[in-house]
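Enquirer: Sharing a structure with you now.
Numbering (the working numbering), first residue to last: 526 to 854.
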């Protein structure tokens, strides 16, 4: 057998597989990476299809694919290339060896087969190490994914908490003006559509600045919290909304309640607050109330007009001597 018959079939085998594998990896890694990232984003319900989101996703695909490429190049392709070079060197050595004697040819072939066996064993060891490293990498990726899901859950919880804080008065814990305005617009449209009653009461603590000067701001804050507690206890239907508009001013939104019914409940509330004396017994709290109600027989053009009517009624109650209720005209 001539050396040419050995060299010709080995040369393409040594050159083609590594290059073909590199091409397959170069084409496949970005596609697989993009698929994995899209699956994760879709699972977490955070897929952003905007141009900025797609650019960010493409950047992640490039970075992760490059990192995988470098890892595979160092752990797999380079050893394969070295093996291919060894095979080429063996073939080149076969051309230079003059196998003129059978014993000499057998010794050379045995030596070359020994080298091939050693190279195969080294490659097997390296592949085993790489398989172990791949399993470790998968385990770390699983841990990172779990951490990412936990961080996503914590972020969603923080978002919900911030949304709640944006609609809640920090001192009293009841709704703030933003939440009340939204509820007023919603309930006013519903009352117009259903032609049902809707009462709005604006409540203001009388002479509260003097109260703070005499008893201190801490006791003033406690008084505001007492008023908020009474309002929440008195108006506890799912549709009722009580809110603090600011300072010592509160408001109650009562869907489905007419003027006479609202008036009776608010008078009882004023009596309860008056009886709620300070812990040291040095004073009491009183409320002035302005009440307005929407009904088919007494309509208002807008939710703001209804609230303005209650404000004007409160102004009348204040100037009539405080500690009383006034009805909108």
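Quick reminder that beta carbons are idealized off the backbone N, C-alpha and C, glycines included.
Along the chain, where does the beta strand (DSSP E) containing residue 729 start, and where does it finish?
Expert: The sequence position of residue 729 within the chain shown is 204, counting from 1. Where residue 729 is concerned, the enclosing beta strand (DSSP E) stretches over 723 to 730.
Enquirer: Taking 8 Å as the CB-CB limit, is residue 826 close to chain B?
Expert: Protein chain content of the structure displayed is limited to a single chain, and chain B is not contained in it.
Enquirer: I'd like to check one pair, residue 781 with residue 764: are the Cβ atoms closer than 8 Å?
Expert: Counting from one through the chain shown, the residue named residue 764 turns up at place 239. Counting from one through the chain shown, the residue named residue 781 turns up at place 256. Yes, they are a contact pair.
Enquirer: Terminal residues of the continuous beta strand (DSSP E) containing residue 817?
Expert: Within the chain shown, residue 817 is the residue found at index 292, counting from 1. Residue 817 -> beta strand (DSSP E) spans 812 to 819.
Enquirer: Pick out the complete beta strand (DSSP E) segments inside the segment 765 to 809, 3 residues or longer, and give them in chain order.
Expert: 766 to 771 and 774 to 780
Enquirer: Buried or exposed: where does residue 846 fall if 16 or more other Cβ atoms within 10 Å of its Cβ makes it buried?
Expert: Along the chain shown, read from residue 1 onward, the residue named residue 846 stands at position 321. That one is exposed.
Enquirer: Among residues of its own chain, excluding the 5 on either side of residue 676, which ones have a beta-carbon nearer than 7 Å to its beta-carbon?
Expert: Here residue 676 corresponds to residue number 151 of the chain shown, with the count starting at 1. Nothing listed; no residue qualifies.
Enquirer: Taking 6 Å as the limit between beta carbons, can you name the residues of its chain near residue 558, skipping five residues before and five after?
Expert: Along the chain shown, one-based indexing puts residue 558 at 33. Cβ neighbours of residue 558 beyond the five flanking positions: 586, 589 and 590.
Enquirer: For residue 712 versus residue 778, is the C-beta spacing smaller than 8 Å?
Expert: As a position in the chain shown, residue 712 is number 187, starting the count at 1. As a position in the chain shown, residue 778 is number 253, starting the count at 1. Yes; because the gap between Cβ atoms is below 8 Å, this pair is in contact.
Enquirer: Mind checking whether residue 760 and residue 745 have CB atoms under 8 Å apart?
Expert: Walking along the chain shown from the start, residue 760 turns up at place 235. Walking along the chain shown from the start, residue 745 turns up at place 220. No, the Cβ-Cβ distance between residue 760 and residue 745 is not below 8 Å.
Enquirer: Between the alpha carbons of residue 699 and residue 821, how many angstroms are there, rounded?
Expert: The sequence position of residue 699 within the chain shown is 174, counting from 1. The sequence position of residue 821 within the chain shown is 296, counting from 1. Using only the alpha carbons, I get a separation of about 30 Å.
Enquirer: Using the rule of at least 16 other Cβ atoms within 10 Å of the residue's Cβ for burial, across every protein chain shown, is residue 850 buried or exposed?
Expert: To locate residue 850, count along the chain shown from 1; it is residue 325. Burial call: buried.
Enquirer: Mapping the DSSP letters down to three states, classify residue 558 as helix, strand or coil.
Expert: The residue given as residue 558 occupies position 33 in the chain shown. Helix.
Enquirer: Could you name the residues of the same chain whose beta carbon sits closer than 6 Å to that of residue 795, not counting the 5 residues immediately before and after it, in chain order?
Expert: Numbered from 1 along the chain shown, position 270 holds the residue referred to as residue 795. Excluding positions up to five away in sequence, the list reads 812.
Enquirer: Assuming residue 571 is part of the beta strand (DSSP E), what are its boundary residues?
Expert: The residue labelled residue 571 in the question sits at position 46 within the chain shown. That residue, residue 571, is in no beta strand (DSSP E); it is neither H nor E in DSSP.
Enquirer: Which residue from 830, 593 and 653 puts its Cα closest to that of residue 551?
Expert: Indexing the chain shown from 1 puts residue 551 at position 26. Cα-wise, what sits closest to residue 551 is 593.
Enquirer: Check this for me: beta carbons of residue 842 and residue 853, under 8 Å apart or not?
Expert: Indexing the chain shown from 1 puts residue 842 at position 317. Indexing the chain shown from 1 puts residue 853 at position 328. In this structure, residue 853 does not lie closer than 8 Å to residue 842 by Cβ.
Enquirer: Answer with buried or exposed for residue 830, where buried requires no fewer than 16 other C-beta atoms within 10 angstroms of its C-beta.
Expert: Translated into positions along the chain shown, residue 830 becomes position 305. Taking a 10 Å sphere around the C-beta of residue 830, we find fewer than 16 other C-beta atoms and assign the residue as exposed.
Enquirer: Please confirm whether residue 725 and residue 767 have their CB atoms less than 8 Å apart.
Expert: In the chain shown, residue 725 corresponds to position 200, counting from 1. In the chain shown, residue 767 corresponds to position 242, counting from 1. Between residue 725 and residue 767, the C-beta spacing is not below 8 Å.
Enquirer: Considering just the uninterrupted stretch of the beta strand (DSSP E) at residue 851, what are its terminal residues?
Expert: Taking the chain shown and counting its residues from 1, one reaches residue 851 at position 326. First-last of the beta strand (DSSP E) with residue 851: 850 to 852.
Enquirer: Can you round the beta-carbon distance between residue 569 and residue 674 to whole angstroms, since I take them to be within the 8 Å contact cut?
Expert: As a first step, residue 569 is located in the chain shown; it is residue number 44 there, counting from the start. As a first step, residue 674 is located in the chain shown; it is residue number 149 there, counting from the start. Yes, residue 569 and residue 674 are in contact; Cβ-Cβ is about 7 Å, under 8 Å.
Enquirer: Could you tell me which residues DSSP puts in a beta bridge with residue 693?
Expert: Taking the chain shown and counting its residues from 1, the one referred to as residue 693 is at position 168. Paired residues: 700.
Enquirer: In chain order, what residues of the same chain have a beta carbon less than 8 Å from the beta carbon of residue 720, not counting five sequence neighbours either side?
Expert: Numbered from its first residue, the chain shown carries residue 720 at position 195. Within the same chain, residue 720 has close Cβ partners 821.
Enquirer: How big is the Cα-Cα spacing for residue 840 and residue 728?
Expert: Locating residue 840 in the chain shown gives position 315, where the first residue counts as 1. Locating residue 728 in the chain shown gives position 203, where the first residue counts as 1. Distance between the alpha carbons of residue 840 and residue 728 is about 10 Å.
Enquirer: Which residue comes first and which comes last in the alpha helix (DSSP H) that contains residue 751?
Expert: Taking the first residue of the chain shown as position 1, residue 751 is located at position 226. That run of the alpha helix (DSSP H) goes 742 to 759.
Enquirer: Could you tell me the distance, in whole angstroms, from the CA atom of residue 539 to the CA atom of residue 565?
Expert: Position 14 of the chain shown, counted from the start, is the residue given in the question as residue 539. Position 40 of the chain shown, counted from the start, is the residue given in the question as residue 565. Bear in mind that the predicted position of residue 539 carries a pLDDT of just 46, short of 50, making it too unreliable to give a figure here.
Enquirer: Would you report the Cα separation of residue 731 and residue 848, rounded to the nearest angstrom?
Expert: Here residue 731 refers to the residue found at position 206 when the chain shown is read from its first residue. Here residue 848 refers to the residue found at position 323 when the chain shown is read from its first residue. Roughly 7 Å between the two C-alpha positions.
Enquirer: Could you compute how far the alpha carbon of residue 650 sits from the alpha carbon of residue 597?
Expert: Here residue 650 corresponds to residue number 125 of the chain shown, with the count starting at 1. Here residue 597 corresponds to residue number 72 of the chain shown, with the count starting at 1. One C-alpha to the other measures close to 16 Å.
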